[in-house]
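S.K.:
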Amino acid sequence: MSYSNKVKEIIAEKARETDVNKCCAGIKTNDGDFLCGNCAKAFFRELFLSSGNISDPKDAYHLEFAISDKETAEKIKNILDRENIFLKYIKRRNKHILYLKSSEQIEDFLYYIDIPKVSFDLMETKILKDVRNNANRVTNFEHANLGKISEASARQIEAINLIIEKGAFDSLSAELKQTSRLRLENIEMSIEEIGRISEPPVSKSGIKHRMKKIINTAEELRR
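Under this note's numbering, the first residue of the sequence shown is numbered 1, with each subsequent residue one higher.
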């Protein structure tokens, strides 16, 4: 069963539970207004059952009504505008489509027609999606940073090893020797972390400057 049909089952159950004697059950006055608030809610529940559709929020946020004539569509839109639920309009073939794509507006509509369970389920789904998306963004960011650190570390280690192989390590300054040793002993560390464990601690820009000197020395030896 589709998500939309499941929602319609819940709405149909709500319609069956509603005591129609408590209100005029969707009856309008001659000027098109409903006699009471319950009338409007009953009307929109029936409208959704007959011409509505809602997407599974796990896939997309979309709720729509397919109306046969434009005048009726405009009246429906005006009624919900007064409830701060702002339907958008598009014509699709011979139907006039009123739709919502904002998750908050869909939640508001479902709550307005007294279907809070679906509204809360949608909120929960949205929260879970946001948590997953944020977790994925953090993971991707961390992977990207690790890739950059690994690439830079490999280049620095290659330069240090070349200096050692060429017998030029002792010619380096005390600061460059310390940074070289720390890099070889901590290949997974970032430049900033190397700076923190230096004695005395060195800023990130200071370690970058030292590494640049080490790489330049290696390039001179290679040439």
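We put the beta carbon where it would ideally sit given N, CA and C, even for glycine.
1. Using 8 Å for Cβ pairs, my map puts I113 next to R45. What's the rounded Cβ distance?
2. What is the residue span of the beta strand (DSSP E) that E64 lies within?
3. Classify I67: buried if its beta carbon has 16 or more other beta carbons within 10 angstroms, exposed otherwise.
4. Check the C-beta distance from L184 over to K213 and give it rounded, since I have them as a contact under 8 Å.
5. For R92, name the three-state secondary structure that DSSP assigns.
6. Go through its chain and collect everything with a Cβ distance to K41's Cβ below 8 Å, but skip five positions before and after it.
7. With 16 as the cutoff for other CB atoms within 10 Å, does N30 come out buried or exposed?
8. Use the C-beta contact count for G52: other C-beta atoms within 10 angstroms, 16 or more gives buried, fewer gives exposed.
9. Within 10 Å of its beta-carbon, does K225 have 16 or more other beta-carbons around it, so buried, or fewer, so exposed?
10. So, under 8 Å CB-CB, Q105 and I85 are touching, yes? Tell me the CB distance rounded to an integer number of Å.
M.R.: This is what the structure holds:
1. 5 Å
2. L63 to I67
3. I67 counts as buried, since at least 16 other C-beta atoms from the protein chains shown sit within 10 angstroms of its C-beta.
4. Actually they are not in contact, since the Cβ atoms of L184 and K213 sit about 16 Å apart, beyond 8 Å.
5. R92: strand per DSSP, three-state reduction.
6. Cβ neighbours of K41 beyond the five flanking positions: Y112, I113 and D114.
7. Because N30 sits at a pLDDT of 45, beneath the cut-off of 50, its placement in the model cannot be relied upon, and the following sentence gives the value as read from the coordinates. So N30 ends up on the exposed side.
8. buried
9. Outside the displayed span of the chain (1 to 223) sits residue 225, for which this structure offers no information.
10. 6 Å
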